[in-house]
Every structure is written in structure tokens, then in C-alpha cells.
Amino acid sequence: MRTSRTLGLVMIAPAAVMIVLFFLMPVVLTAVFSFTNMTTATGISGGAFQIAPNALDALRREMPDVAQQLTEPRYAIDEEGIKSVEGLGLDPGIPRELREKHLGEVFQSRRDAERMIKDLQDRPSTRDVKQISEQFNRSAANLRFASKDDLFASLDKFGFKLTAGQKESLAKATYTGWNWTTENFSRIASSPDMAQILLNTLLYVALVLVLFNTTYAMALAIWTHYMPDMPATIFRSIWLLPRITPVVIYVLMWKWLAWDTGFISVLMGKFGFPPKNYLLDSAYHAWLFVVLINGFIGASMGMLVFSSALRGIPKSQFFASEVDGASRWQQIRYIILPQMRWPILFVTCYQTLSLLASFNEILLSTRGGPGKATEVWSLAAYHTALNNYAGNLEYGLGAAMALVLVVIGIILSLAYLRVFNYATLVARPLIED
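Heads up: the sequence shown is residues 0 to 432, going by numbering that gives the first Met the number 0.
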């Protein structure tokens, strides 16, 4: 017994590793990233402190006096500037005296720095004074610091008089890396665009799920159930084509149908209508094609599940009902549908989660257009985190959108279990063999 158990654990170990790496870890990382402000600008491994123009703009709103100080140049006598003075080819006594007597001094203005330079023993000319002072021109703006302490030390070196609170606010405004935050969820809750995308998603899932993935799939399964085996097999095989065809080729076939040079435009041109792209000419047409493209794929999968379930119903029930004079509709209502609750629950849950997460067909056909008329939540998360026209990919916001989608999927799944009365489906049968 112990050997068998050990062997079982060994055999299941690769599957467990795959589940952890490719299912659990992405979910956990998505949840972690959703509470950060990670973007292309911040990177994913931390950042530095830089008084960049965007940081100065934020500081001008919060601390205008500090922002004004940071934009004003300082003249610091440092080793770097002294070496630059040595390279000017002036009297060697000038850089020597600067190093010996003035190293580390900071002047608030160019006038103060030039006054000090004029008082040097070698008395440089006015032209040389201006050259020398320029070598010590320093500004905190656009400088990059590896740590907060380096930033504060530089500010102290340049003579900025800031309180501890002002320094912390400055560090927060100038940090270029990511931070922990809940702002992503606030943006999602307050954005009108997100509300519209959520409505698009609910409409998309409801239309495809109700019209095709369950209703039409069930109709196909029942039709083929009453057909002879050979025609039924051929019919099911034809309906499998949308699912087994590569998605790029499948969508291109629909585009060929709807393009301004496609079949519909050619056909309508026979009746005097000008050619146009029926896929993107209006939001109504875009939605029609999005539902049809995804619906045919979903219907094929539901048809297979329901057809397999129908084969599990004892044929004796159909024969007995025919003897009692039951019609086809009565067989469907009283024999088929009551025994299809498990398959319907599975298809509904599976296809809901699939529709919430899938966006390949929409991306390839309409890219969420025209405008954002067909932009669904998963596609918006993809555009936000991985591919957008602005260039600054917002990893944290995209992860937060994905996490919201996971929560929506869990809520809908629990609702389905309630609607289908899951407790009765798993209850022990009243009659035991």
C-alpha cells in the first residue's frame, strides 16, 4: 500500500509542478502586481530618485517654494569642477588655490561665485572668471540618485534648506520606481471608461452565452440526436471547423466576408449599394460580427458536450415515451432537459469564464473598435498592460483589471451553482441499488 501511494505521488508530481508554475503563480503574481503602480516608466525592479520635469510639475502644485529652489542653479566648488578648470589651460595656481581654500563651498548665485574667483591671488581676467564659474554650475534638476540618502545629501550639499517633511515629500515625488498602492482600484471604480467597458463585457458574455454557447449548442445537439448516425457525424464534424481552425485564419475568413472588397460588399454592389467595411462601419455591425465570430466557436464546444450527455440517456426512456404517444417536444421537455442539468451547468460556467478571459477574436477582428464600442474587459486589460498606442504600459493597472475579472468570474460561478441548485446535483440518490 505504501509503495503504491509513493508511486502515485511520484507520478502526479509533474502535474502538480505544472499547476503551480503555470496556474497558481500567474494568479498570485497578478494579485501582487495589482497593488503596485508598475509601468514602463517605473520598471519592475525598483528605481532611482530623479528631479525630472514631471516631478517638478507635481512639486509646483504641492510645494511651489521648494520647486522654485530646485530650478535655480547652485555653484558648488567640487573636485569635478576643479579638474575642469585645470583643463582650461589657465594659471595652475588657480585650481590649486580653489582646491586648498574653497573646496566644498556652495554659492547661491553666479555673482557670489564670481566675486570669490576674482579675489583669488592670481587675479584671473573677467573672461576667465566667467569660464571658471561655469565649471561649477550645478543644479539638482535632472540629477539621478541611487537612494534617498544620496538625494538628501546632495540637497544639503547644494545648500537647500528643507524640513524633514519637505524632504520626504520630495523623495516621494521624485522616485522613479514602483510603490505599493491601492490607487489602481480607485481608478477602476471612478473611471467612466471602465464602466462602459464593464457594460460591454456583460453584454458580450450574455449575448454569446445565451444565444450560442448554450441555446444554439443544445439545439444542435438535439437535432443531431434525432438524425441517423452517419449524417449526424458529418453535421457535427462541420460544426467543429470553427473551433479547430486556427483563430487567425478563422477571423480572416470573417474579414473577407465583411471587408469593403469582401463578399457582402460585392453582393450588395449588385443592388447598387457602395462598398464599405461592414465590420467597422458602425458599432451595431461590429457587435453583430463579434457575437457571430465567437458564437460559432462556442456553439461547437457546447454541441459536443451536450451530444455526449444525450448519449448517456437510456434509449429505453425514449422508446417508452414513444409507446405512450409522447411527441418530440415532450421528449425534450420531460426526458432530455431534466437530465441535462449537469452538462448545462458545466457549459455555462466554463463558457462564461472563457468569454470573460478571451479577447483574441475581438483583437484580430475589431481591436475593440469602432472607437471603443467592442472593447471588453480582458482586451482593455491587455491594451493597458501589454500593448497600447501611448507607449507607457501600466502593468499594475492591467493586473488590477485582471484581478477584478477573476473576482467577477468567481461570483458568476457561485451564482450559477445557486441557480442550478448544486446541492441537489451532488446529493445521494433517493433510490439505492
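All residues carry an ideal CB built from backbone N, CA and C; glycine is no exception.
What you are looking at is a predicted structure, and each value in this text was computed from that prediction instead of being measured.
- Arginine 73 carries a strand assignment under DSSP once its states are collapsed to helix, strand and coil.
- Leaving aside the five residues that flank threonine 29 on each side, the residues in its chain whose CB is nearer than 7 Å to its CB run, in chain order, Ala398, Ala401, Leu402.
- The stretch 413-420 makes no contact with the stretch 367-377: fewer than 3 CB pairs, one atom from each, lie closer than 8 Å.
- Under the three-pair Cβ rule at 8 Å, the stretch 348-358 counts as touching the stretch 372-388.
- Counting only runs that start and end inside the stretch 120-163, the alpha helix (DSSP H) elements of at least 4 residues fall at 125-133, 147-156.
- Excluding five sequence positions before and after tyrosine 349, none of the CB atoms of its chain fall closer than 6 Å to its own CB.
- A contact is defined here as three or more CB-CB pairs under 8 Å, and the stretch 57-66 fails this definition with respect to the stretch 119-132.
- Per DSSP, serine 190 lies in no alpha helix (DSSP H) segment and is marked neither H nor E.
- Close CB contacts of isoleucine 296 within its chain, under the 7 Å cut and outside five residues either way in sequence, are with Pro241, Arg242 (chain order).
- Using a 10 angstroms sphere on the CB of tyrosine 249, the tally of other CB atoms reaches 16 or more, which defines it as buried.
- According to DSSP, residue pairing for valine 105 in a beta bridge involves Ala75.
- Sorting Val405, Leu8, Met339, Ile116 by C-alpha distance to the C-alpha of leucine 23 places Val405 at the top.
- For tyrosine 283, the enclosing alpha helix (DSSP H) stretches over residues 282-310.
- Between isoleucine 409 and isoleucine 331, the CB-CB gap reaches or exceeds 8 Å.
- By a beta-carbon distance limit of 8 Å, leucine 354 contacts valine 204. Their separation comes to about 5 Å.
- Inter-segment contact for the stretch 187-196 and the stretch 48-59 is absent: fewer than three beta-carbon pairs are separated by less than 8 Å.
- Bounds of the alpha helix (DSSP H) holding leucine 97 are 92-100.
- Around the beta carbon of proline 25, fewer than 16 other beta carbons sit within 10 angstroms, so the residue counts as exposed.
- Going by beta carbons, methionine 217 and phenylalanine 305 fall inside the 8 Å limit.
- According to DSSP, tryptophan 179 shares a beta bridge with Thr35.
- Ranked by Cα distance from threonine 175, the first of Val425, Ile11, Thr35 is Thr35.
- Beta bridge pairing from DSSP links phenylalanine 262 with no other residue.
- The Cβ atoms of alanine 47 and lysine 156 lie no closer than 8 Å to each other.
- Just so you know, the alpha carbons of leucine 20 and tyrosine 394 end up roughly 20 Å apart.
- Secondary structure at phenylalanine 317: helix, using DSSP grouped into helix, strand and coil.
- Inter-segment contact for the stretch 73-91 and the stretch 131-140 is present: three or more beta-carbon pairs are separated by less than 8 Å.
- Secondary structure note for arginine 60: its alpha helix (DSSP H) is the uninterrupted segment 52-61.
- Contact between leucine 392 and threonine 38 holds: CB atoms are separated by about 6 Å, below the 8 Å threshold.
- Taking histidine 284 as the centre and dropping the five residues before and after it, the same chain places the C-beta of Tyr277, Leu278 closer than 7 Å to its C-beta, in chain order.
- Bridge partners of glutamine 68 according to DSSP: none are assigned.
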